[in-house]
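Under the numbering used here, think of the first position of the sequence shown as 666, with each following residue one higher.
So the structure is just underneath, and the comments pick up after that.
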Amino acid sequence: MPKQGEPQDQQAPETEERTNFSARVRVSVRKRAKLYAAGHDVSLQDLVDAALDEYLSKRDA
């Protein structure tokens, strides 16, 4: 994992290998995420990946 200030691996998200990741979320958050994903023709997996990536990017992580 690169340290802060070092270039990060910029592999395209579509081709980057995926790994299992488990976290507990509130029931209401899960429901909202599932409804959003279904309504926008995106998988829950892709929605969570994009949301976490955006969250971390905004924090230079």
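No residue lacks a Cβ here, since even glycine has one placed at the ideal position from N, Cα and C.
Just the C-alpha distance for residue i and residue j, rounded to the nearest angstrom, thanks.
| i | j | result |
| --- | --- | --- |
| S722 | L700 | 25 angstroms |
| T684 | L712 | 15 angstroms |
| V692 | A698 | 10 angstroms |
| E679 | E719 | 15 angstroms |
Between residue i and residue j, how many whole angstroms is the CB-CB distance? I'm expecting something under 8 angstroms.
| i | j | result |
| --- | --- | --- |
| L709 | A715 | About 11 angstroms separates the two Cβ atoms, so there is no contact after all. |
Please go through the same chain and pick out, in chain order, the residues whose beta-carbon is closer than 7 angstroms to the beta-carbon of residue i, but skip the five residues on each side of it.
| i | result |
| --- | --- |
| A726 | none |
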